[in-house]
Each structure stands twice: as C-alpha cells, then as structure tokens.
Amino acid sequence: MKQLAAIDATFLYMETPNSYGHVSSVSIYDRPTPNFNPYEAYRRVIESRLGVLEPLRRRLVKDPLDLDLPYWVIDPNFDLNFHIRHIGLPPPGDWEHLQTQVARLASRPLDQDKPLWESYIIDGLPDNRFALFSKMHHATVDGAAGAELLGMITDLEPGAERPELEVPLLPAERVPSSIELLQRGVLGLALQPAKIVRYQTKLIRDLADSTRSHGLRSVLDAAGRMIPGQAGQAMRSWAHEDNDGVEELPITSAPPTSFNDSIGPHRRFEARSMALADVKAVKSATGATVNDVVMALCAGALRTWLDEKGELPDVPLVSMIPVSIRTGEEADPWTNRVSAIFTDIPTNESEPLIRLQRVHEAMAQGKEQFEMMPADLLSELSQVAPPALAIRASRMASRMHLGGRLSFPFNLVISNVPGPRQPLYLDQARLVHYYPVSTLVEGQGLNITVQSYLDTLDFGLVSCNDLVPDLARLADLIVEELDALSGAVAALTAPAPKKKAPAKKKPAAKKKAPAKKKAATKKKAPAKKKAAAKKG
27 MKQLAAIDAT
37 FLYMETPNSY
47 GHVSSVSIYD
57 RPTPNFNPYE
67 AYRRVIESRL
77 GVLEPLRRRL
87 VKDPLDLDLP
97 YWVIDPNFDL
107 NFHIRHIGLP
117 PPGDWEHLQT
127 QVARLASRPL
137 DQDKPLWESY
147 IIDGLPDNRF
157 ALFSKMHHAT
167 VDGAAGAELL
177 GMITDLEPGA
187 ERPELEVPLL
197 PAERVPSSIE
207 LLQRGVLGLA
217 LQPAKIVRYQ
227 TKLIRDLADS
237 TRSHGLRSVL
247 DAAGRMIPGQ
257 AGQAMRSWAH
267 EDNDGVEELP
277 ITSAPPTSFN
287 DSIGPHRRFE
297 ARSMALADVK
307 AVKSATGATV
317 NDVVMALCAG
327 ALRTWLDEKG
337 ELPDVPLVSM
347 IPVSIRTGEE
357 ADPWTNRVSA
367 IFTDIPTNES
377 EPLIRLQRVH
387 EAMAQGKEQF
397 EMMPADLLSE
407 LSQVAPPALA
417 IRASRMASRM
427 HLGGRLSFPF
437 NLVISNVPGP
447 RQPLYLDQAR
457 LVHYYPVSTL
467 VEGQGLNITV
477 QSYLDTLDFG
487 LVSCNDLVPD
497 LARLADLIVE
507 ELDALSGAVA
517 ALTAPAPKKK
527 APAKKKPAAK
537 KKAPAKKKAA
547 TKKKAPAKKK
557 AAAKKG
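In our numbering, the protein residues as written are 27 to 562.
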C-alpha cells in the first residue's frame, strides 16, 4: 500500500459532478487486414504487459472522513474485462460520429472503486480504420508518464515480440477495513498541523528566494517575529537581505470571456491535423520555434472567433502551459511531476507576423519567470490544504457556480506535447493519428492540446458544451490561421520583382556640317554712264 503524493491527490480533490479528473486520447489506426480484430489484439497486448503497467492494476482506498491523503493498493478484484470495452459507431460511421462519441465518453467520470482507467475500441470508421479511446485519471499519471505508457503498449514494428515487458505481476494487496483507514487518517490528521506549517514556511521561503519579492519578504519577516528563538531570528534576518535591482514577478490576470464561467457536465470534442513541415517552414523563416507557431495559430484563431461573436477583449488572453519537471531519477515514475508557465496570447494583435513575434517575446518572458520559480511549487502548494478542506472547497465552488464570479489568472490551457517521430504499431495495426482529449476545471471551459506524431501535428480541442457549442468553428479557424500565417511569411520572403532596366537611348545622329556658303558673286560695277551728248 502506497500513499499518494499530495499533488496526485489534488487531481482527485478537484473532481466535482461537472469537472472530471481524467485525461484521455483517441488514437486512429489502420486495420492491417479485413479480419483483424482490434479488441482481441489490444486485450492481448495489455494482458501480456500488465507486469510493467502498474497503474492499470492499482485502485484507491481512502479513510471514510478524508482526514489524510488516500492510498494505492494493487486491486485484488482486478478484472480486465471491466476496463477494455468494444463499441461501434452507428452507420454510416464518419468523423462527426466519432467526435460525438468521444465527447460522450469524456463526459463520464471514472469509477473510483476500480483502477482509474478505461479503454474503448471503436469500430465503424471509414477507410478501413478503427479508433482506440483511452482515459486515465490524472492522479495516476501526468503527460510524460502517459507517453511512457504509450511506448509500453505500442511497438516500433508490427507484431513485435517484447519479452522485457512480459514480467510477473505484483501480488494483489488486501484492502484495509474502514476502521483501519480511519485510524491512519486520525494519525495523519494529528501530524497535519506540523506538516502544513513546514510546507507553508518552505513554500514562502522558496518563492521569496526565487523571486526576491519584497511582498513575500514582509510575510517572512512577520512570520519570523511570531517564531521564537534562533529560527525566527534567522527568518527575519534572511527576509531583509539586499534585493535591490531585482524585479518582482508580475501578477497575471486574465480578461473575462464567455468560456470562463461555471462549466456543465457535457463536453464537445473536435480534432484537426496539419503537416508539421508547414509549421516548420514558418518557424525557419521567422526564427521562431514550433511551439511559438502553434501558440500564434491558437492566438489568431481565438481572435477571429471571439471577434465574430463580438467578445474580443482589448487586452490579450492569458494561457497556462503545463511543463514537465521530470528528471528521470524519480523513485516512483507513476506520479505527477508538473509545473506551469503563464503567458499572454496576443489576441489583441491583428497582423499574423506581429502576432507571432509577440508570442515569441511572451514565451521567452514566461520561461524566464518559470526559471525564477521553485520547480516543486505546485507540489508544495498541494501540501498546504488538508484533504477534507480541499474536497469541500472544490465542491462548494461547483455548487455555487463560482467559476462565473471569480477572476482567474488564465483563460485556458494550451499545451503542445512533442511525440514520437517513428511509426508505432498496436500489434499489426499502424498508428495514424494521436489526438489528445484533455480535461476541464471549474471556470475553464476550453482546452487546446496538441500532440506531434511522425510528420503531423494533431490538435485536440475540448470544451464545455454549454459554454462553447461552436467548437468546430474554432477548430477550423486554427487550420485557416496556418494558411494566413504561411501567406504572410511568403509575402515577406518573396524576392522583390526586378525592375526593368531603362531602354538605352540610341546615340544621337551626327549633325551634318552646315553647307559652306558659296562665295558671293562679285557684283559688276555699274556701267559708267556715258557722257551726256553735247548740245549743238
């Protein structure tokens, strides 16, 4: 029996009747032969590799009053048939039917009395394909651990043998009685004040150390005055260390939108794909990154979409970008090791290329701020609230519809996950697309997650059906935005048309020398008048 880390348990506490803690994916496969049975093939692969797929066999046990963090036990009643299911689309099966079915499956919470995962083989797709929809609770794995699971379930060659993954199963464990769990909970509750004080102090100290924040230092100073002895003295002394010239972290605030409201229980799902080469062409021409381009596409699409609805804010939206902080040296690989970057999305900029430049600058600033923060910030924050209090707070927020009344630090999650660059196979079937289907929380009715696979970027958009019924329009705009951005890049980099050289003037014709005037003929001297005749 293993107790959950506080950050893993947080994903359980956040669950409400309208907000679910699972993350999902829908994978599209080519059927290798007409007689290939994907359900039997998938079941055979999972069953043979259960020894290394520990999260698939463990279930939760909690004390009746939620006094302390829950525990994992290897389920003594594990039944693979409960977790792997086979369904078909109504004819004629098409892409719209698949997206609707995925949205319905994503809208159902997982049974917390069973291991927290389900898989559905979905038949009836066109082009001789089938889909695999899988969902697993975020308390079990984060994105990086999910990628590890994908690598254990799929192979680099069709029908590959992988004996290293076929190891003996861990023995099942006895589920403790309610009385035993309550005793553990009471003991944990007795230790909580000391644990909470310890984590609160460490959290404030780490934040102040990372940010050199004047405000946090004043908190430390006040705390130090209440703590007797050398510990309080040291805290006060440390709080007043010189921090001149070091900027404090800005506090982010997001503008209100129609999708930042209390969410309902139903989801919409849209999937789109684009060529990675087209995105890389924009990246190479502008000096941006692939992630910059993805963020710029989302920014442009959100701008147009909100503008069409008459809801475009004057200031940029704010995105939360999950970041893995795994080192590869974790004692337990099946736990959450995540943090986040908060960054502006320049939805207030109309020009695609300027928008991309703004994204590049905002991402650089966000990464700089992220490096200033303690890597384990989210883990430390999750240690501060007792489990029962966290659960009640989440449920109260949902019941009172606080998502529409509170101001949130970000509008939506946009995540870009690099995936495998080589083909993957489920038994004999080749993986064609891998679309993420992420989760929503109270006040956040929209999520955009992107996964690269081979030479394709696969976009998975999830929304609350009540808040964003027109999700398909936003998904289409993301694809259109790539055309607009590519066109702007082409216009920028196109060589200027060569100016025609002016026509050479013909050399002026030589003027003829003026004709020499003939010498003037000498006028004859007038004849002398004859002498007048004498008169007689």
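Yeah, the Cβ is synthetic: ideal placement off N, Cα and C, and Gly gets one too.
- In this structure, DSSP gives Thr-475 an extended state, which the three-state scheme calls strand.
- Of all C-beta pairs linking the region 443–463 to the region 55–74, three or more are shorter than 8 angstroms, placing the two stretches in contact.
- Counting C-beta atoms within 10 angstroms of its own C-beta, Arg-381 has 16 or more neighbours from the protein chains shown and is therefore classed as buried.
- Looking only at Asn-103, Val-49 and Val-308, the smallest Cα-Cα distance to Arg-200 is reached by Asn-103.
- For the 8 angstroms CB-CB criterion, Val-515 and Thr-330 do not form a contact.
- Here Gly-185 is exposed, its C-beta having fewer than 16 other C-beta atoms within 10 Å.
- Counting along the chain, the unbroken alpha helix (DSSP H) around Glu-334 starts and ends at 316–334.
- Within the model, the alpha-carbon separation for Leu-323 versus Ile-504 is close to 6 angstroms.
- Asn-154 and Pro-64 have their C-alpha atoms roughly 12 angstroms apart.
- In the three-state reduction of the DSSP assignment, Leu-175 falls in the helix class, which pools H, G and I.
- Leaving aside the five residues that flank Val-167 on each side, the residues in its chain whose CB is nearer than 7 angstroms to its CB run, in chain order, Pro-81, Leu-175 and Trp-360.
- Selection Val-52, Leu-91 and Phe-156 evaluated against Arg-130 yields Val-52 as nearest (Cα-Cα).
- Counting only runs of at least 4 residues, the region 95–181 fully encloses the following alpha helix (DSSP H) elements, listed from N- to C-terminal order: 106–109, 121–132 and 169–179.
- Separation of Glu-375 and Glu-66 (C-alpha to C-alpha, rounded to the nearest whole angstrom) is 51 angstroms.
- By the criterion of a C-beta distance shorter than 6 angstroms, Thr-475 is surrounded in its chain by Ser-441, Pro-462, Ser-464 and Gly-486, once the five residues flanking it on both sides are discounted.
- Just measuring C-alpha positions, the residue of Arg-298, Pro-449 and Ser-50 sitting nearest Glu-506 is Arg-298.
- For Ile-347, the three-state secondary structure derived from DSSP is strand.
- The C-beta distance from Gly-150 to Gly-114 rounds to 4 angstroms, short enough to meet the 8 angstroms contact threshold.
- Here Leu-518 carries a helix assignment [DSSP, helix/strand/coil].
- Secondary structure note for Phe-37: its alpha helix (DSSP H) is the uninterrupted segment 32–39.
- Boundaries cannot be given for Ser-203, as no alpha helix (DSSP H) includes it and DSSP labels it neither H nor E.
- A Cβ-Cβ separation of about 13 angstroms leaves Tyr-97 out of contact with Gln-209 under the 8 angstroms criterion.
- In the displayed model, Arg-456 falls within a strand according to three-state DSSP.
- In the structure shown, Lys-306 falls within a helical segment according to DSSP collapsed to helix, strand and coil.
- Leu-86 sits in a strand when the DSSP states are folded into three classes.
- Residue state for Thr-312 is assigned as helix, using DSSP reduced to three classes.
- Ranking Gln-470, Leu-142 and Val-49 by CA distance to the CA of Ala-173 puts Val-49 first.
- Under the criterion of beta carbons closer than 8 angstroms, Asp-358 and Leu-493 do not qualify as touching, at roughly 36 angstroms.
- Non-local beta-carbon contacts of Asp-120 in its own chain, meaning distances under 7 angstroms to residues more than five positions away in sequence, involve Pro-152 in chain order.
- Met-346 sits away from Ala-325, with the two beta carbons spaced by 8 angstroms or more.
- DSSP, read as helix, strand or coil, puts His-386 in helix.
- In the structure shown, the three-state DSSP call for Pro-189 is helix.
- With a cutoff of 8 angstroms on beta-carbon distance, Gln-448 and Leu-76 are scored as not near each other.
- Taking Leu-136 as the centre and dropping the five residues before and after it, the same chain places the C-beta of His-48, Leu-142 and His-163 closer than 6 angstroms to its C-beta, in chain order.
- If you check the CB distance, Val-320 and Lys-306 do not come in under 8 angstroms.
- Under the three-state reduction of DSSP, Pro-462 is assigned to strand.
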